[in-house]
Each structure stands twice: as structure tokens, then as C-alpha cells.
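In what follows, a single structure is set out as C-alpha cells and then discussed.
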Amino acid sequence: MATTNQPGGQRTSGGRMKAKSSRRARSVRTELQLLRAACWLFSERGFHGTGIRDIAETAGVAVSGMYYYAASKDEMLEAVTRRVMDLLMSSSEETLRDIDDPAERLVVLMAVHVAFHARNPRAAKVADHEFQALTGDAREGIQQLRDAYEGVWAETLRAGVRDGVFQDRGSVARLALLQMATGIAHWYRPDGELSIPQLCERFGDMALSLMGASRAGRLLQVHDLTMPDPDLLLERVELSIEPRNEPSHT
189 MATTNQPGGQ
199 RTSGGRMKAK
209 SSRRARSVRT
219 ELQLLRAACW
229 LFSERGFHGT
239 GIRDIAETAG
249 VAVSGMYYYA
259 ASKDEMLEAV
269 TRRVMDLLMS
279 SSEETLRDID
289 DPAERLVVLM
299 AVHVAFHARN
309 PRAAKVADHE
319 FQALTGDARE
329 GIQQLRDAYE
339 GVWAETLRAG
349 VRDGVFQDRG
359 SVARLALLQM
369 ATGIAHWYRP
379 DGELSIPQLC
389 ERFGDMALSL
399 MGASRAGRLL
409 QVHDLTMPDP
419 DLLLERVELS
429 IEPRNEPSHT
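Per this note's numbering, the sequence shown starts with residue 189, numbered consecutively.
What follows is the structure, given as C-alpha cells:
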């Protein structure tokens, strides 16, 4: 049971709990500031063009304080990339749940990939390109996450070929589909011609076309299938470390 404040400045157990909770909240906020700063700088200058001091100054954190969260900029890059891959995998798995049809699974995978790259362009660019600067166990760990994510795509394409829904385009099809959508991070603008849900539909149609998707001799399009709910999809791909604006300390 929590005690009340006592004369002479004795602290209560409730007060200690509140103090610890406050410190944890500050710690989480500081970590987010650092990851957003790292994400911004890595996407602007590249990993090799960014120093540990640059990240600390951009986040408004003392360099000495930053070492509480990461011992090096390599650890910051690994953390950014891991969060990207974890969210891509979890949002794909959630949205694919209870969907067995290969054509619908492909459309869902493409929608998640497109929405993620359109909504989180800086983090996506860091994970897609800068991760190659990692070495050793960090590089191997991230590569395993990438392989697992691509494995979901590969199995979906194989299932479609087995079911006679897709043409067999070989492994190059998976690479082409992923690379096609990955480029969105470089050119998509929210105030452009298409909204993210519209973009997902366009890319879904292109994915089906690339795989020659058909049933009973008729080519399939997205409007023949069930698309994920746009609001739910955007909620699932929201990445907390994506810097929505330029950090104020740059």
C-alpha cells in the first residue's frame, strides 16, 4: 500500500512510482528524438556523411547523454532499420490474416509495401539503402529480417503458380515487384496526383499484370478482389520514428 508524505521530506512509495514513470516517459521521448534525427540525417547525408555528434545535436541531446541509448551511429542505423523491417513484417502479417487466395495476398502485400514507403519515405530509404553500411552480427541480423519478409512474397507467388492463378516468372518477379514499389519513397508526394489508397490500387493492378494473374481465362484486376481497408492499412504502417518535419535543432 502506498504511504502518504511524511514530515521531514520523506518520499512516499507512490511518489517514487510517479518519479520512475516520469523518467521512463522522458527516456522514451529522448529515444524517439534520437531515432528521428538519425533517420533524417541518414536519409539526407547518408550513413558515412553523418557523425554521432550530428545526431545528438540534431536531436537536442548532449553527446554524453546519447551514449545511454547507443554506443555508436552503427547502433542507431541498426535500430532504425530493425524498426522498419519489424513494422513491414507485422503489418503484412496482420493484413494477410485469414486471406488464402494468392491473388488477394499479392494485392495486400503490395498495398502494405506501397503504403509504408509512401507514408515513411525517409525511414524506408535508410532501410533500403543505408543498411549496407552495417557489418558483422548487425548486418547478418538485418539480412535475416529482410529474407523473412521477402520469403512471404516468394511463398505467395509460388502458391499462385501452383494454383494456376499466376504465370511462373521465376525469382526475378519478386525482385521486380519489390523494387517497383520501393522507388515510391523517392518520388511520392502527398499533395500529388494520387492519394495513398489510389496508389495502392494502381500498384496492385500492375502486380497482377506482371504475374499474368487470371481465372477462367480472364485477367484479374484489383476491383475483382478485396482490398484492405485504407484507414486501417495507413494506421498499421505508421512508423513512430519517421521524421514528419525537419528536426528543429538542425
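Built from N, CA and C at the ideal position, the CB exists for glycine as well.
Own chain residues within Cβ distance below 7 Å of residue i, not counting five before or after
{"i": "R424", "result": "S279, E282 and T283"}
{"i": "A299", "result": "C388, G392, M415, P416 and L421"}
{"i": "A364", "result": "L398"}
{"i": "L413", "result": "A291, E292 and V295"}
{"i": "P431", "result": "R224, C227, W228 and R310"}
{"i": "I287", "result": "R293 and V296"}
One or two residues paired with residue i in a DSSP bridge
{"i": "R406", "result": "R403"}
Cutoff 8 Å; reference residue i; Cβ partners in own chain excluding five residues on either side
{"i": "D351", "result": "P290"}
{"i": "G329", "result": "E266 and R270"}
{"i": "T218", "result": "A247, V249, G253 and Y257"}
{"i": "V349", "result": "Q355 and D356"}
{"i": "Q332", "result": "none"}
Cβ-Cβ separation, residue j to residue i (assumed contact under 8 Å), whole Å
{"i": "L294", "j": "T370", "result": "Wrong, their Cβ atoms sit about 16 Å apart, outside the cutoff."}
{"i": "Y337", "j": "M273", "result": "6 Å"}
{"i": "P435", "j": "T269", "result": "Their Cβ separation, rounded to whole angstroms, is 19 Å, which puts P435 and T269 out of contact at 8 Å."}
{"i": "R362", "j": "A342", "result": "5 Å"}
{"i": "V249", "j": "Q221", "result": "7 Å"}
{"i": "L322", "j": "D262", "result": "7 Å"}
{"i": "E426", "j": "R285", "result": "The Cβ separation is near 18 Å, so there is no contact."}
{"i": "I240", "j": "S260", "result": "7 Å"}
Neighbourhood of residue i by C-beta distance below 6 Å, restricted to the same chain and skipping five residues each side
{"i": "A312", "result": "H305 and A373"}
{"i": "A244", "result": "V251 and M254"}
{"i": "R406", "result": "none"}
Original post:
Which residue spans inside the region 359–386 form an unbroken alpha helix (DSSP H) run of at least 4?
Top reply: 359–370 and 372–375
**OP:** Would you be able to state if there are at least three C-beta pairs under 8 Å between the region 234–246 and the region 310–321?
**Re:** yes
**OP:** Evaluate contact between the region 294–303 and the region 381–399, counting only Cβ atoms and requiring at least three cross-stretch pairs below 8 Å.
**Re:** yes
Subject >> Sequence ranges, alpha helix (DSSP H) only - wholly within the region 265–347, length at least 4 >> reply: 290–307 and 309–317
Original post:
Using 8 Å as the Cβ pair cut-off and three pairs as the minimum, do the region 352–363 and the region 396–411 touch?
Top reply: yes
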